[in-house]
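This report concerns only the one structure given below.
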């Protein structure tokens, strides 16, 4: 069996599109994670809390900011994996075209 039957997952245009979206996702989620980690006040509404509870401690709010930052960085890691696969597919498609 030829190896070309197993490796191509997507075509050249799709792999380039996935790579561009992956780079954008890495940049966006990385910056968003940094903003959550530094506890930006503009992102307070984006942390999960119950609106009826009014007795928050500062450490609880800090923990929620930190866990949201880690979630953003985990999602950015998923985009890194997607970018590696898209880069691999782009190189594979270039080899098939030559």
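Residue numbers (this note's numbering): 330 to 427.
Each residue gets a CB set at the ideal place from its N, CA and C atoms; glycine is no exception.
Where residue i falls: helix, strand or coil (DSSP)
i	result
residue 346	helix
residue 386	coil
residue 408	helix
residue 367	coil
residue 340	coil
residue 360	helix
residue 376	coil
Inter-residue Cα distance where the pair is residue i and residue j
i	j	result
residue 409	residue 387	33 angstroms
residue 344	residue 406	18 angstroms
residue 339	residue 354	20 angstroms
residue 367	residue 414	31 angstroms
residue 348	residue 341	11 angstroms
residue 378	residue 385	9 angstroms
residue 397	residue 350	22 angstroms
residue 360	residue 412	17 angstroms
residue 404	residue 389	23 angstroms
residue 391	residue 424	50 angstroms
Residue i burial status per 10 Å Cβ neighbour count (16 or more: buried)
i	result
residue 394	buried
residue 330	Interpretation of residue 330 is limited by its pLDDT of 44, a score under 50 that renders its predicted location unreliable; no figure is taken from the coordinates.
residue 420	exposed
residue 373	exposed
residue 371	exposed
residue 422	buried
residue 401	buried
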